[in-house]
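Structure first, then comments.
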Amino acid sequence: MKLTLLGGASEVGSLSAHVEEGGLRLLFDCGLTPSKPPKYPMRPPAVDLAFLSHAHIDHSGMIPWLCANFGTDVVATPPTIVVGTMLLEDSVKVSSLEGYPAPYDKGDVKVLKKHFQEAGFGDSLDIGNIEVGLHPAGHIPGAAMFSVKASRDLLITGDINTLDSHLVNGAAPVKCDILVIESTYSGRDHPPRSETERHFLNKTKEVVERGGLAIVPAFAVGRTQEMMMTLMNAGLNIVLDGMGWAVNRHYMNMPGYLRAPERLRDAMSQTRVIRNPGERRALAKEAEVVITTSGMVDGGPVLDFISEKKNDRNSAVLLTGYQVEGTNGRMLMESGELMLGKEKTKIQCELGFYDFSAHADHNELIKFTKRCEPEEVVLCHGENRMALADDLREDGFKVHVPKEGQVMEL
Ligand SMILES: [Zn+2]
233 MKLTLLGGAS
243 EVGSLSAHVE
253 EGGLRLLFDC
263 GLTPSKPPKY
273 PMRPPAVDLA
283 FLSHAHIDHS
293 GMIPWLCANF
303 GTDVVATPPT
313 IVVGTMLLED
323 SVKVSSLEGY
333 PAPYDKGDVK
343 VLKKHFQEAG
353 FGDSLDIGNI
363 EVGLHPAGHI
373 PGAAMFSVKA
383 SRDLLITGDI
393 NTLDSHLVNG
403 AAPVKCDILV
413 IESTYSGRDH
423 PPRSETERHF
433 LNKTKEVVER
443 GGLAIVPAFA
453 VGRTQEMMMT
463 LMNAGLNIVL
473 DGMGWAVNRH
483 YMNMPGYLRA
493 PERLRDAMSQ
503 TRVIRNPGER
513 RALAKEAEVV
523 ITTSGMVDGG
533 PVLDFISEKK
543 NDRNSAVLLT
553 GYQVEGTNGR
563 MLMESGELML
573 GKEKTKIQCE
583 LGFYDFSAHA
593 DHNELIKFTK
603 RCEPEEVVLC
613 HGENRMALAD
623 DLREDGFKVH
633 VPKEGQVMEL
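Residues in the sequence shown are numbered consecutively from 233, following my numbering.
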């Protein structure tokens, strides 16, 4: 069996894993990194079938290119198909706004819709002598890990979270010979979620009490819902702007992929939604908390809110997740400055960072690996994989830390 990471080996983003055995070629994810300019994985060859783990662009961003060029069918769960298509359509819009040449267009996303093959958790597909199964990854609703049964058994995690969140249950281990595991949080542990939630809620209330606006940048998919459910019942005037509302509606149509659909419905009933610029002007005046895109502050309505409040020391920008290198959010975290239009601008309002990650941390990755009982571990999707590699080697695992494009014979 040959495994090649075409992207997303040493970086968080652009994930694409190519598996070849007995003349069959499969591709798992084909993402891009939505930095400025965007970064792409190495172009994949034509494959027999592709699999998409979840809707986030760093896993799905190049899937339309694959379909448009090769007519490849793509297997994914229903939430991944519906929400993923929405994010890809948005990404075409964003790249044309930003003026970067896009590797595909709206028409290609339409073509992709015809090539999606729906599969659910527990399903397995036979492709020649290879059997591929789907298992919940605990990252966002519909996020899948793939087990590949061939001459050796592989498990490809995509993005995983092993702990329960408000939105989904944590991933359970799957026994395998070779574990291909994401390592976003290699070398770092999350504080306990209950502590993070308490600090975040206290800070939000403090900002509101002193008359400021709490601006909460969040990805539309996953993080927005998690933040709504964290803030529910706190008695705050919460407004939601951006694509998150459409995602909520899609998720409520597929309640089987949620941990507690009734709680998401409750959170939705406690949140007011901005659907157009007129509503933005009206609702923004009354809002105490605004949850809005983009999560890494690179575009979307969050920039309008920050721009409005940039000199208001009573207001706060409360970041809720990992900020990839090269993004506005990372710059804001490191220097208190960000790009508003073409201008680098110092932000006077308070800045906070809260680790609401939907990725397993260092210790959880080790626990999960042990429970999968693999002979070999391939680390991917990490800027700092050596920390995890060292600890896993100490525990007796054979660990690979491949470069992008390196062909591994397994
Ligand atoms: Zn993800």
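All residues carry an ideal CB built from backbone N, CA and C; glycine is no exception.
Cβ neighbours of residue i in the same chain (closer than 8 Å, five flanking residues each side left out)
i	result
R512	D473, I506, P533, D536
D409	R384, D385, L386, P606, E607, E608
D544	G444, L445, Q580, C581
R491	D396, S397, H398, L399, V400, N401
Straight-line Cα distance separating residue j from residue i
i	j	result
L344	A278	15 Å
M461	G443	23 Å
E605	L237	22 Å
L264	P273	7 Å
I643	L583	The first residue shown for the chain is 233 and the last is 642, placing residue 643 beyond what the model contains.
E520	I470	6 Å
G240	M484	31 Å
S211	V631	Residue 211 lies beyond the residue range present for the chain, which begins at 233 and ends at 642; the question has no answer from this structure.
P373	E494	15 Å
V440	A592	32 Å
S248	H291	7 Å
V479	G339	22 Å
S539	D358	53 Å
V522	M475	13 Å
P276	D622	30 Å
L387	E252	14 Å
K407	W477	37 Å
A499	K635	43 Å
V341	L320	7 Å
M565	E429	19 Å
Q457	R420	24 Å
H250	P270	21 Å
E350	G316	13 Å
K576	E569	6 Å
Y554	D530	13 Å
I313	M486	12 Å
Contacts around residue i, its chain only, beta-carbon distance under 6 Å, and the 5 residues preceding and following it disregarded
i	result
S547	G444, L445, K541, C581
F629	V609
V639	K234, T236
Y336	P296, W297, A300
Y489	P311, P373, G374
G467	none
P405	F600, R603, C604
G454	I372, A590
Neighbourhood of residue i by C-beta, 7 Å cutoff - its chain only, sequence neighbours within 5 removed
i	result
E641	K234
E518	N469
D280	L256, R257, L258, I359
Supposed close pair residue i, residue j - CB separation, criterion 8 Å
i	j	result
L515	R497	Going by Cβ atoms, the distance from L515 to R497 rounds to 21 Å, so no, they are not a contact pair.
G365	F378	7 Å
L395	E596	7 Å
H286	A376	7 Å
A282	V306	5 Å
E615	E243	6 Å
V549	I447	5 Å
Residue span of the alpha helix (DSSP H) that contains residue i, given as start and end
i	result
T310	In the sequence as presented, Thr is not what sits at residue 310; that position holds Pro. Segment 310 to 330, the alpha helix (DSSP H) holding P310.
D623	617 to 626
V534	534 to 541
P276	Segment: none, P276 is in no alpha helix (DSSP H) and carries neither H nor E.
K599	594 to 604
Extent of the continuous beta strand (DSSP E) run through residue i
i	result
K338	Where K338 is concerned, there is no enclosing beta strand (DSSP E), although the alpha helix (DSSP H) it sits in stretches over 338 to 347.
S356	356 to 359
A351	No beta strand (DSSP E) holds A351; DSSP gives it neither H nor E.
D473	470 to 473
F378	376 to 381
E636	First-last for E636: undefined, no H or E at that position.
Chain D within 8 Å of residue i, Cβ atoms only
i	result
A369	Looking at the structure shown, chain D is missing, and only one protein chain is on hand.
*Minimum length 4: unbroken alpha helix (DSSP H) runs contained in the region 478 to 523*: 493 to 501, 509 to 518
*What alpha helix (DSSP H) runs, 4 residues minimum, are completely inside the region 429 to 478?*
455 to 463
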